[in-house]
């Protein structure tokens, strides 16, 4: 008993790489030997492999078993070495999965893929943003960066990295330079707007130093602070307080306005706004406007320019990014016709 315990402890201390190689060699060698020694009982290598695997995993179906002395000696060696070795291998695999899961929960992972979204700062707003990303693209990979003890949200496509978002090591673990876009949400846990926007600026500057080409969207509390972000080359600003206040006032003057905004901002509510690639036969905005209208979509903008209806005769520039309003089914048909 002491011998087996010492043997098991030695297995546990073996390097994982050596352990897996040793296990594979033991299984392969045992398979070859049992086929050579007892070819009548094990006519093919698959039969030998089947018996070896059922033996070392202690399943033992009994459909194959050695009858010669040499075959039984091989079986005894498998009982002594193989079962313990494979048991340790299976244990290490389970332990590895457990460690990986714990690292995911604690935000200690390193993300190595590309084309993902990085959401910085956990709040109710970031939760809604993640839901919107998933509704827009269910396969989108999302990284949450915050300093919470454990992941606030985890799924197959949602990952968590713990650390300060202005820390370059944290951003590198999120593979920030290969991200599709970064969303920085204002930390409303701080006392005042200046401190909130100051923290956001620090994070944005860190991202700019590591990934100057990544598309960055920043929420700020005070529009006057935008000038402080100029050196950071932020792509888009969302002015938190102004947006909410403006919508509230517009709704007060004209009932139903908030419903229009909701449709344009949420994928799950009514009509929506979609990007549409330009087509070769579209020379002017009128060409695009009329063809899209006949397909059930309304052309409303080229990038941030909403004056399309006043420039229908102008040619569409090569850099145009056209946006339409329609439902999702219509949008899919529009995309199919444009291919």
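Residue numbers (this note's numbering): 3 to 341. Where is the CB? At the ideal position from N, CA and C, for every residue including glycine. Please read these numbers as outputs of a predicted model, since none were measured by experiment.
Alpha carbon to alpha carbon, how far is residue 352 from residue 95?
-> Outside the displayed span of the chain (3 to 341) sits residue 352, for which this structure offers no information.
So what does DSSP say about residue 237, is it helix, strand or coil?
-> coil
Determine the direct distance from the alpha carbon of residue 240 to that of residue 132, and round the result to whole angstroms.
-> 16 Å
Taking the alpha-carbon positions, what's the residue 227 to residue 198 distance?
-> 11 Å
Where does residue 324 fall in DSSP's three states?
-> strand
Exposure label - residue 68; buried when at least 16 CB within 10 Å = buried
In angstroms with no decimal places, state the Cα-to-Cα distance between residue 213 and residue 171.
-> 13 Å
Starting from the Cα of residue 142, find the closest Cα among 148, 216, 151 and 157 and give me that residue.
-> 157
Counting only the same chain and skipping the five closest in sequence on each side, list residues whose C-beta sits under 7 Å from that of residue 124.
-> 146, 148, 150 and 154
How close, in whole Å, do the beta carbons of residue 168 and residue 208 come, if the pair is a contact with beta carbons under 8 Å?
-> 5 Å
If we call anything under 8 Å between Cβ atoms a contact, is residue 300 one with residue 327?
-> yes
With respect to the alpha helix (DSSP H) encompassing residue 92, which residues constitute its N-terminal and C-terminal limits?
-> 85-108
Residue 190 to residue 202 span [Cα, whole Å] | 11 Å
In three-state terms, what does DSSP make of residue 217?
-> strand
Beta-carbon gap between residue 329 and residue 273 smaller than 8 Å = yes
Would you be able to state if there are at least three C-beta pairs under 8 Å between the stretch 86-93 and the stretch 104-116?
-> no
Cβ atoms of residue 163 and residue 144: under 8 Å apart, would you say?
-> no
Opposing strand residues paired with residue 185 [DSSP bridges] = 121 and 219
Decide if residue 181 is buried, meaning its Cβ has at least 16 other Cβ atoms within 10 Å, or exposed.
-> buried
Can you tell me whether residue 65 is buried or exposed, with buried defined as 16 or more other CB within 10 angstroms of its CB?
-> exposed
Measure the C-alpha to C-alpha separation of residue 316 and residue 284 and round it to an integer number of angstroms.
-> 11 Å
Can residue 304 and residue 335 be called in contact, C-beta distance under 8 Å?
-> no
Span of the alpha helix (DSSP H), counted from its first residue to its last, around residue 58 = 47-58
Note down, in chain order, each residue of its chain lying with its Cβ closer than 6 Å to the Cβ of residue 234, except the 5 sequence neighbours on either side.
-> 206, 207 and 210
Tell me, please, whether the stretch 42-49 touches the stretch 24-32 by the rule of three or more beta-carbon pairs shorter than 8 Å.
-> no
Comparing alpha-carbon positions, which option in 23, 165, 90 and 290 lies nearest residue 325?
-> 290
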